[in-house]
Amino acid sequence: MDELFVKAYVDESEKEHIARPNLTALQDGWLRLKKNKAAVVCLFTLIAIGLLAILAPEFSRYSYKETNYDIIYQIPSMKHLFGTDQFGRDLWVRTWMGTRISLLIAFVAALLDLTLGVTYGAVSALAGGRVDAVMQRIIEVLVGIPHLIIVILLMMVMPAGIWTIVVALSITGWVNMARLVRGSILKLKNQEFVLAARVLGTSTVGIIWKHLIPNTVGVIVINAMFTIPSAIFTEAFLSFIGIGMQEPKASLGVLINNGYQVLRNFPHVLIFPAIVIVLIMVCFSILGDGLRDALDPRMRK
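Read in order, the letters of the sequence shown are residues 1 to 301 in the UniProt record's numbering.
Structure, rendered in structure tokens:
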């Protein structure tokens, strides 16, 4: 009977062998994201758009506000890749300068939303009791006021400019982030590692930034990915209706407004800025979905 079975022997040197190295949540998320081909394509598309927005205006022979009335509404050519507008300004330069300004506004607004929302939500969840109740009543009041109405009213009473738009977008934009972070931290605050940190004398601020926030990074990153295109769309809408960025400055909203007015006769003035904003919106949306699948444990199969 013993001849039918062979005893297995394990080399002592292989007992401590690690088949797979430990990965952090972000490393594991990146490996999962790379499997999503659409999200990866969108990521590199956004990187390319960002590089063009930074470099194209700097290395062009034209300025975004340089006028030449001899070449107004010129169609795309080797000299002017996207053509020219009603003042003879090069649309290649203006499109990428407008993209730079729109992305700057969106990223700064998203950063403010992230900072305010994460801090507010974390303090509310960790404090609990009456403090949490009061802070949530404040959020409920802000949620009840239409965000776009607040933005438009602020833009009407404040001077037009980049920082005015950023402030207007951030005034209530952080509320959704705060609610998401609060919900995540409520689930974490009674976990053993948080209780251990309290016993060891870690301050509330230390618990928030060293233990709770790192464990909600997935929720934060995913929400930020959807905040950025929303901010770009709002800026474009404000500029389109004339209360956002003003001429001669360029933004995607200003360019689309200019192109809309001459769409029938000179469609190229609208087409290129519209393509850029559509690409940004679609790519951020697909990348956000990919990050949600990669970072949210509930989405893993």
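Note that the Cβ used here is the ideal one computed from N, Cα and C, for glycine as well. Just so it is clear, the structure is predicted and the values come from calculations on it, not from any experiment.
task = Indicate the three-state DSSP secondary structure (helix, strand or coil) for T84 in the structure shown.
result = strand
query = Could you give the residue range of the alpha helix (DSSP H) that holds K189?
reply = Here K189 belongs to no alpha helix (DSSP H), and DSSP marks it neither H nor E.
ask   = Could you give the residue range of the alpha helix (DSSP H) that holds V40?
value = K37 to F59
ask   = Is the distance from the Cβ of V276 to the Cβ of T45 below 8 Å?
value = no
query = If you draw a straight line from the C-alpha of residue 322 to the C-alpha of A197, how long is it?
reply = In this structure the chain extends from 1 to 301, so residue 322 is not present and cannot be described.
request  = Could you pull out every residue in the same chain whose Cβ sits closer than 7 Å to the Cβ of T221, ignoring the five residues on either side in sequence?
outcome  = For clarity, residue 221 is Val in the given sequence; the question names Thr instead. If we look at V221 and ignore the five residues flanking it on each side, its Cβ neighbours are L291 and L295.
key: Cβ-Cβ separation, L114 to M177 (assumed contact under 8 Å), whole Å   = So it is a contact: roughly 6 Å between Cβ atoms.
task = List the whole-angstrom C-beta distance separating I243 from A160, where the pair is believed to meet the contact cut-off of C-beta under 8 Å.
result = 7 Å
inquiry  = Please report the straight-line C-alpha distance between Y73 and W96, rounded to a whole angstrom.
reply    = 18 Å
query = Measuring CB to CB, does G183 end up less than 8 Å from F226?
reply = No, the Cβ-Cβ distance between G183 and F226 is not below 8 Å.
task = Using a threshold of 8 Å, state whether the C-beta atoms of G121 and V181 are closer than that.
result = yes
query = Going along the chain, which residues of its own chain have a beta-carbon closer than 6 Å to the beta-carbon of D132, five neighbours each way excluded?
reply = S124
query = Rounded to whole angstroms, how far is the Cβ of I75 from the Cβ of G88, which I believe are closer than 8 Å?
reply = The beta carbons of I75 and G88 sit about 13 Å from each other, so the pair does not count as a contact at 8 Å.
query = Is there contact here, the stretch 158-173 with the stretch 238-253, by at least three beta-carbon pairs under 8 Å?
reply = yes
ask   = In chain order, what residues of the same chain have a beta carbon less than 7 Å from the beta carbon of L270, not counting five sequence neighbours either side?
value = Here the set comprises I256, G259, Y260 and L263.
Spatially closest choice to P273 from V282, L91, E140 and R32, by CA coordinates = L91
ask   = Which partner residues does D90 have in the DSSP bridge list?
value = T84
query = How many Å lie between L188 and I207 at the Cα?
reply = 11 Å
key: Length of the line joining the Cα atoms of S203 and N190   = 16 Å
key: Simplified DSSP assignment, three categories, for F266   = coil
query = Can you tell me the Cα-Cα spacing of V41 and V199, whole angstroms?
reply = In a straight line, the C-alpha of V41 is about 47 Å away from that of V199.
Neighbour-count burial assignment, N223, 16 or more Cβ in a 10 Å radius = buried
inquiry  = Going by beta-carbon coordinates alone, are R94 and Y64 separated by less than 8 Å?
reply    = yes
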